[in-house]
Ligand SMILES: [Mg+2]
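Numbering (this note's numbering), first residue to last: 30 to 287.
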């Protein structure tokens, strides 16, 4: 038995491709598991690349009022205290980006405007508004060569920022990651046993720092993720089905009946 009553458990999870289906954003399979977690009093924290507004608009569906992490580890938002900024402000990031515009070709979310964001993401207007309300990062559409992209990422790092390749965009954010945010949450919740769930390379820093790293296969054909967590579990299923597949036996271990 892995769990004991002295274990103070915390669940930290990515959203897209984990708690939410990558394609149709369905999530019904995780609801019974979330109910069990609530019965055990185990908080479930979203650690996402999404904005504050995007998570606030959807978290009621998951009956979730826990702290959460936005924009790839840029800030931790608490229910009862001030936000903790780990990254940089969007204004600072855009100053750096403006200084690189002569050398590199790209368009930012700010350049695209709402219509452009809708075109590039296929999101409905209300969702595109929430996705555009970024506080700590700037997504870019890359319009230059792959070689230039490598040079750009080096320049970004030299200026103390991070460039993260996502599905459609290159995200520029402060010198932070999801793993740094996990440490803040561990201490906020006084947890001594953290289960993290992720499906993408930007989740690896968080999976590495968990006690159980749960890897859900990605919808795109990325190489298999590896994690330095002491215990690593991999699901067969994708998205919410993989999430439930891994969490159910972990909760059975926790259950007093087992
Ligand atoms: Mg994901």
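Beta carbons are placed, not taken as given, at the ideal position from N, Cα and C, and that holds for glycine. Quantities reported herein were computed from a predicted structural model and do not represent experimental measurements.
So for residue 182, helix, strand or coil by DSSP? helix
Backbone CA spacing between residue 77 and residue 101 [nearest angstrom]: 6 Å
Complete runs of the alpha helix (DSSP H) confined to the segment 220-275 [at least 4 residues]: 233-237
For residue 173, three-class secondary structure by DSSP: coil
Using CA coordinates, which residue listed in 229, 238, 274, 206 is at the minimum distance from residue 220? 238
Just jot down, in chain order, the residues whose CB lies closer than 5 Å to any heavy atom of ligand 1. 43, 45, 46, 228, 229
On a Cα-Cα basis, can you pick out the residue from 71, 120, 173 that is closest to residue 96? 71
To which residues does DSSP link residue 156 through a beta bridge? Answer is none; residue 156 lacks a bridge partner.
For residue 81, count neighbouring C-beta atoms within 10 Å of its own C-beta (all shown protein chains included) and say buried if the count is 16 or more, exposed if not. buried
Looking at the structure shown, is residue 134 part of a helix, part of a strand, or coil, going by DSSP? coil
For residue 45, does the count of other Cβ atoms within 10 angstroms reach 16, so buried, or fall short, so exposed? buried
Cβ atoms of residue 214 and residue 62: under 9 Å apart, would you say? no
Measuring only the C-alpha atoms, how far is residue 136 from residue 231? 22 Å
With respect to the alpha helix (DSSP H) encompassing residue 123, which residues constitute its N-terminal and C-terminal limits? 119-128
For the beta strand (DSSP E) holding residue 98, just list the boundary residues, first then last. 97-99
Beta carbon of residue 141 nearer than 9 Å to that of residue 224: no
Going by alpha carbons, who is nearest to residue 160 out of 173, 145, 241? 145
Let me check one thing: in DSSP terms, what residues is residue 86 bridge-paired to? Looking at the DSSP assignment, residue 86 forms no beta bridge with any residue, so it has no partner.
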